[in-house]
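Q: Numbering (my numbering), first residue to last: 5 to 100. Note that the Cβ used here is the ideal one computed from N, Cα and C, for glycine as well.
#1: Rounded to whole angstroms, what is the Cα-Cα separation between residue 48 and residue 25?
#2: Measure from the alpha carbon of residue 72 to the alpha carbon of each residue in 30, 16, 94 and 15, then state which is nearest.
#3: Rounded to whole angstroms, what's the CA-CA distance from residue 33 to residue 65? Just pull it up for me.
#4: Looking at residue 23 and residue 77, is the spacing between their C-beta atoms short of 7 angstroms?
#5: In the DSSP assignment, the alpha helix (DSSP H) including residue 75 goes from what residue to what residue?
#6: Cα separation between residue 89 and residue 96?
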């Protein structure tokens, strides 16, 4: 028989790290957007247009990154909660 051992606190701690990373990601995204907009205001020419096109293509991937991190955090919290509930139910049944 397989042995299952998990540390619920470790799941919660990891979920919190993912949430923190999502917040940092969003903050970084906003700073990058701001400095890039400032840069583009004073930059004219073909290289500016080429940069802006490439930047716009690449930045699209960042828009979903923080949401993915939050989804992972939510999943980890749900897993921890499920194991906690199962553990409590087993404990209640053993104490009957």
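A: On the basis of the data shown:
#1: The residue you call residue 48 lines up with position 44 of the chain shown. The residue you call residue 25 lines up with position 21 of the chain shown. Distance between the alpha carbons of residue 48 and residue 25: 35 angstroms.
#2: Sequence index remark: in the chain shown, residue 72 carries index 68 (1-based). Checked all of 30, 16, 94 and 15; the closest Cα to residue 72 is 30.
#3: Numbered from 1 along the chain shown, position 29 holds the residue referred to as residue 33. Numbered from 1 along the chain shown, position 61 holds the residue referred to as residue 65. Their Cα atoms are separated by approximately 11 angstroms.
#4: Your numbering for residue 77 matches position 73 in the chain shown. Your numbering for residue 23 matches position 19 in the chain shown. Yes, they are a contact pair.
#5: Taking the chain shown and counting its residues from 1, the one referred to as residue 75 is at position 71. Segment 50 to 98, the alpha helix (DSSP H) holding residue 75.
#6: Against the chain shown, residue 89 aligns to sequence position 85. Against the chain shown, residue 96 aligns to sequence position 92. Between residue 89 and residue 96, the C-alpha separation is close to 11 angstroms.
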